[in-house]
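The block underneath contains the structure these notes are about, expressed in C-alpha cells.
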Amino acid sequence: MIEYASFNGAPREHGMLIGGEWVPALAGETIDIITPVDRTRVIARTPRGRGEDADRAVKAARAAYPGWAATTAATRQLILSQIADDLEVLIEDLAVLTALDTGNAIRTQARPEANGLVQAFRYFAGLAAEVKGVTLPSPAGALSYTRRVPLGVVAAILPWNSPLMIAAFKLPAALASGNTVVLKAAEDAPLTILALAEVCQRHLPPGVLNVVTGYGPEVGQALVEHEGVDKVSFTGSSVTGAGVAAKAGARLAHFSLELGGKSPSIVFPDSDTDDVVEQVLIASRFARQGQSCTSGSRLFLHDDIHDSFLDRLVARVGTLVVGDPREEASDIGAIINERQWNSVQGYIDDGLAQEGVEVAYDGRASLTVGEPGFYHAPMILTQVCNDWRIAREEIFGPVLSVLRWRDEDEVVAMANDSHYGLAAFVFCRDIGAALRTAHRVESGWVQVNQGGGQLAGQSYGGMKASGQGREYSLEGMLEGFTQIQQINVSLV
Ligand code: NAD
Numbered sequence: 037m038i039e040y041a042s043f044n045g046a047p048r049e050h051g052m053l054i055g056g057e058w059v060p061a062l063a064g065e066t067i068d069i070i071t072p073v074d075r076t077r078v079i080a081r082t083p084r085g086r087g088e089d090a091d092r093a094v095k096a097a098r099a100a101y102p103g104w105a106a107t108t109a110a111t112r113q114l115i116l117s118q119i120a121d122d123l124e125v126l127i128e129d130l131a132v133l134t135a136l137d138t139g140n141a142i143r144t145q146a147r148p149e150a151n152g153l154v155q156a157f158r159y160f161a162g163l164a165a166e167v168k169g170v171t172l173p174s175p176a177g178a179l180s181y182t183r184r185v186p187l188g189v190v191a192a193i194l195p196w197n198s199p200l201m202i203a204a205f206k207l208p209a210a211l212a213s214g215n216t217v218v219l220k221a222a223e224d225a226p227l228t229i230l231a232l233a234e235v236c237q238r239h240l241p242p243g244v245l246n247v248v249t250g251y252g253p254e255v256g257q258a259l260v261e262h263e264g265v266d267k268v269s270f271t272g273s274s275v276t277g278a279g280v281a282a283k284a285g286a287r288l289a290h291f292s293l294e295l296g297g298k299s300p301s302i303v304f305p306d307s308d309t310d311d312v313v314e315q316v317l318i319a320s321r322f323a324r325q326g327q328s329c330t331s332g333s334r335l336f337l338h339d340d341i342h343d344s345f346l347d348r349l350v351a352r353v354g355t356l357v358v359g360d361p362r363e364e365a366s367d368i369g370a371i372i373n374e375r376q377w378n379s380v381q382g383y384i385d386d387g388l389a390q391e392g393v394e395v396a397y398d399g400r401a402s403l404t405v406g407e408p409g410f411y412h413a414p415m416i417l418t419q420v421c422n423d424w425r426i427a428r429e430e431i432f433g434p435v436l437s438v439l440r441w442r443d444e445d446e447v448v449a450m451a452n453d454s455h456y457g458l459a460a461f462v463f464c465r466d467i468g469a470a471l472r473t474a475h476r477v478e479s480g481w482v483q484v485n486q487g488g489g490q491l492a493g494q495s496y497g498g499m500k501a502s503g504q505g506r507e508y509s510l511e512g513m514l515e516g517f518t519q520i521q522q523i524n525v526s527l528v
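Numbering (my numbering), first residue to last: 37 to 528.
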C-alpha cells in the first residue's frame, strides 16, 4: 500500500531521493501540496529543492553512472521487469494517488495511466538488448563498426497533467539504455513520482535514479544549467521549453522537448455517426479536464453535417459526470489548481466575448460539484474563427472550439495554421481522403478514425512549436538517450 498522501490526517512529509537516501532540501524549506479535490487540504509536504539540491542529485547520478552503464543488457532488462512487476501490484494505489494528486478521474484517466506505466517498463525492459551498433562493409584487413553508448546523466523534467505517463515515456527508456537519471517532479503533482521512485529504488543501485522536488525556476533550472547533466528531457509548456532549450543549448548539452498543442479534429461529411462522436469526445480529452497536450481542442466540422454532428456531440457531452476523481462514476475530475481554473475561465470569457460566437454546450449550469475543489464543466463554442485566442492558444481546459469547413484544401490549411503541431485526428470513411489529409497535416501524431490509442513503441512527439525529438519507442530511446561511437580497426 502506498501511503503518499493523507486526505484526512496530518499531511505526509516527504523527502527527495538522492543517492539512495530520502533527504530534505538542504535549506530545510518545504512546499505544501494541496489536492485539486479540496483547496483547503494540504495532503503532503515535499522539499523545496534549490540549486544545491540539484547539485547533490546530479553528483549522485554521476557517481552511479559508470557502474550502471557497465551492467549487461540482461541485468537492466531483469531490473526493469522486476520494477514492472512491483508496479503492477500497486496499480490501484497508484491510480488513487494519481486521482488525489492530479485531479484526473480514476476510471477514465488515472487507472489507465498507472497501467500504461507498467506496460512502458515492460516494453523498455525488452529493448535493453537493442542498444546495439552496426558493422560496416570494410576492406580485408579492416573492421569498422559502431557502438551505441549512453549519454550519461539525464535530467527528466515532468509536468503535472499526467506525471506517471510522462515519466513512463522517459525513465525506463533512459535506464534501459544505460543512463542514470535525475527526475524533477512537477511542483503541483509530485506524489505519484515519489511513489514510483520508492518502487524503483528497491531494485536499482543507489544514485541510478534520483528525484528532486521543488519549483521549476529553482531546482528545475539548476538541473538544466548543471554541467554534470548530459541530456535534458523536458515535457511542459512551449514557453518554458524554449527557455530550457536556450539554456541547455548554450552549454551544448543534449535536449529534447515535448511541448504544448492545439490539435485539430477534422470530421468529413461521411462521418456523422454516434461512433465518431464517441471518438471525437475521446480526442477532446474532456475526460482529462482538457488538460492534455494532445487534446483535439479545435473541432473542424464539414458544413453539411455541422448541425447534426454537433447535436449528437452535445447530447453525449451532457451525459458526462463531473465529480470527485476518486469516484468510479466520475467521467471528468478536477482542474489542477486555482491558477489553472482561472486561466480556463479567462479563455471561456474571451471566447464568449467574440462577435458571432455561439454556445453549443455550457455545462456550468448543471455542474453539481464545485468548491472546495477546482471543477470545470465542459464548454463547446461554435462559429469560432481560427484566429481567435480560443482557436490559437492552448487552453488546457474542457473547452472545445468548433469551426466550419467546406473543402479539403481549406481544412488542411486551417488545421496547419497554428504554431503547434503535436497531434491531429481525421474522421473519414473514404480512406483515400483520410490518409491524404493525415499526410498533409503538420502534426507529429495523426490518428485516423480514432480518438485515442497510444501504443508502447510508437514514436511520440511534436512538430513545429510542439517539440523536438521522439519518445516512447525504440527509435526514441536510441535517438534520445544514446549516441553513436564509430570504431575503425586495422587488422593488419
Ligand atoms: P510547465 O512548462 O509550467 O512546467 C513543466 C515542468 O518544468 C515543471 O516540472 C516545472 O517545474 C518545470 N519548469 C518550470 N520552469 C522551469 C525552468 N525555468 N527550468 C526548468 N524547469 C522548469 O508546464 P506544466 O504547466 O507543468 O504542464 C502543462 C504543459 O505541458 C502544457 O503546455 C502541455 O501541453 C505540456 N505537456 C506536453 C506533453 C507532450 O508530451 N508534448 C505532455 C504533457 C504536457
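C-beta: ideal position from N, C-alpha, C; glycine also.
Quick check: the Cα distance between residue i and residue j, rounded to an integer number of angstroms?
i, j, result
"Leu116", "Gly45", "34 Å"
"Phe517", "Ala231", "24 Å"
"Met450", "His475", "15 Å"
"Glu394", "Val132", "38 Å"
"Leu123", "Gly279", "34 Å"
"Ile368", "Arg184", "44 Å"
"Ala90", "Val255", "6 Å"
"Met513", "Asp398", "43 Å"
"Asn35", "Phe410", "Past the edges of the chain, shown from 37 to 528, lies residue 35, and the structure says nothing about it."
"Asn524", "Gly177", "11 Å"
"Glu511", "Ala209", "10 Å"
"Gly359", "Phe43", "17 Å"
"Ala146", "Gly354", "22 Å"
"Gly169", "Gln521", "9 Å"
"Ala289", "Leu163", "25 Å"
"Arg9", "Val235", "This structure cannot speak to residue 9, because the chain is shown only from 37 to 528."
"Ala225", "Gly487", "26 Å"
"Ile318", "Val268", "31 Å"
"Pro242", "Gly433", "39 Å"
"Val435", "Leu388", "12 Å"
Answer yes or no: the CB of residue i versus the heavy atoms of the ligand NAD, is any distance below 7 Å?
i, result
"Ser273", "yes"
"Pro253", "yes"
"Asn378", "no"
"Pro60", "no"
"Cys421", "no"
"Thr276", "yes"
"Trp196", "yes"
"Glu88", "no"
"Ile202", "yes"
"Cys464", "no"
"Pro193", "Looking at the sequence provided, one finds Ile at residue 193 rather than Pro. It does: the Cβ of Ile193 is within 7 Å (strictly closer) of some heavy atom of the ligand NAD."
"Ala284", "no"
"Ala572", "Because residue 572 is not part of the residues shown, which for the chain are 37 to 528, the question remains open."
"Ser502", "yes"
"Lys220", "yes"
"Leu295", "yes"
"Glu429", "no"
"Cys236", "no"
Could you spell out where the alpha helix (DSSP H) holding residue i opens and where it closes?
i, result
"Gln376", "374-388"
"Asn151", "147-163"
"Gln208", "Position check: residue 208 holds Pro in this sequence, whereas Gln was assumed. Element bounds for Pro208: 199-212."
"His262", "Careful: His262 lies outside any alpha helix (DSSP H) and carries neither H nor E."
"Phe517", "510-517"
"Thr586", "No answer is possible for residue 586: it lies beyond the span of the chain, which begins at 37 and ends at 528."
"Ser320", "310-320"
For the beta strand (DSSP E) containing residue i, name the first residue and the last one.
i, result
"Ile69", "66-71"
"Asn452", "From DSSP, Asn452 is part of no beta strand (DSSP E) but of the alpha helix (DSSP H) over 444-452."
"Val268", "267-271"
"Arg75", "74-83"
"Asp398", "394-398"
"Trp104", "Unbroken run through Trp104 is the alpha helix (DSSP H), 87-105; no beta strand (DSSP E)."
"His342", "Unbroken run through His342 is the alpha helix (DSSP H), 342-353; no beta strand (DSSP E)."
"His50", "No beta strand (DSSP E) holds His50; DSSP gives it neither H nor E."
"Ile302", "300-303"
Just to confirm, are residue i and residue j a CB contact at a threshold of 8 Å?
i, j, result
"Gly264", "Lys95", "yes"
"Gly480", "Gly493", "no"
"Gly188", "Ile371", "no"
"Ser292", "Gln504", "yes"
"Glu314", "Ile67", "no"
"Lys298", "Glu429", "yes"
"Pro195", "Thr134", "no"
"Trp377", "His412", "yes"
"Val350", "Ile416", "yes"
"Ala258", "Gly51", "no"
"Val78", "Pro47", "yes"
Does residue i get closer than 8 Å to chain C when you measure Cβ to Cβ?
i, result
"Arg158", "Absent from the structure is chain C; it holds one protein chain and no more."
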